[in-house]
Amino acid sequence: MNIHNPNALWLLLLIPLFIWLTMRHGRRFSRKFKRFATEDFQEIFLGAHSPFYAGLKLVLLTFAFGILVFALARPQWDFRPRELETGGMDIIFAIDVSRSME
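Position 68 of the sequence shown, counted from 1, bears residue number 317 in our numbering, the numbering being contiguous throughout.
1. Determine the closest residue to I293 out of F301, A303, Y302 and F282, with distance taken between C-alpha atoms.
2. Cβ atoms of N254 and R329: under 7 angstroms apart, would you say?
3. With DSSP as the reference, please indicate the residues paired to N251 in a beta bridge.
4. Can you give the Cα-Cα distance for I252 and V318, rounded to whole angstroms?
5. How long is the line joining the alpha carbons of M250 and I268, rounded to whole angstroms?
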């Protein structure tokens with residue numbers, strides 16, 4: 250396998266930063282929310298929140314970013330130059346737009 254753009258793989262180093270920022274944002278949000286919201290409102294607002302689905306969303310977004318970076322690196326298999334025979338016919342379509350035919 251040959252990687253056409255190996256410098257794109259450096260973007261994979263952003264994945265731990267993305268995970269850290271997402272987890273930090275979640276902790277800061279919950280800390281601020283608990284400080285300013287009443288207990289009843291917290292139950293109503295966060296009652297449907299599932300930590301499992303939040304984690305699953307993080308995993309899927311991280312996986313999608315990794316696949317996107319890998320696609321940007323343009324992996325190539327069977328990297329050998331080959332000559333392809335192509336057959337066909339060339340067609341020329343010419344239009345005289347000058348006023349000489351009037």
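Ideal placement from N, C-alpha and C gives every residue a C-beta, glycine not left out.
Taking the coordinates as given:
1. F282
2. no
3. Q325
4. 12 angstroms
5. 29 angstroms
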